[in-house]
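In my numbering, the protein residues as written are 29 to 173.
The C-beta atom is built at its ideal place from N, Cα and C for all residues, glycine as well.
Note that this is a predicted model, so its numbers are computed, not measured.
The structure appears below as structure tokens.
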């Protein structure tokens, strides 16, 4: 299928698919934490689609194109990091976190595929290990691809 608009980009579609689950994850947050955390998580998630749309508008300017793709990839990572923090605090279950982390990882990988020159930005992969002091699973970086 030909790419005629930003909505045709797989990375945009994947971000749209990840947003609803991400928005629902904070439903169990305590009221004292909910407002700020929800705003941060949702702002990062919505930033992905915004930057992909903006990036498509700059497709004729390679530097702007790459900059906005890098920002979109960074926002994907930010969503995962903020959800990971809430999981560590006990607000999001590990299973929900893993599902959302997989969705956002898939999203940034398709952003990367939009411009293969961005491959250097993902020199690490996230994988889960058992934390020896609790039942919490924490992501770690694996420098080898």
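In the three-state scheme derived from DSSP, where H, G and I count as helix and E and B as strand, residue 58 is classed as coil.
Between the alpha carbons of residue 65 and residue 51 lies a gap of roughly 11 angstroms. Secondary structure at residue 87: coil, using DSSP grouped into helix, strand and coil. Within the model, the alpha-carbon separation for residue 111 versus residue 138 is close to 20 angstroms. Secondary structure note for residue 35: it is in no alpha helix (DSSP H), with a DSSP letter that is neither H nor E.
Per DSSP, residue 139 is one residue of the alpha helix (DSSP H) stretching across 122-142. In the assembly as shown, residue 114 is a buried residue. Its beta-carbon has 16 or more other beta-carbons within 10 Å. The alpha-carbon of residue 40 is positioned some 16 angstroms away from that of residue 128.
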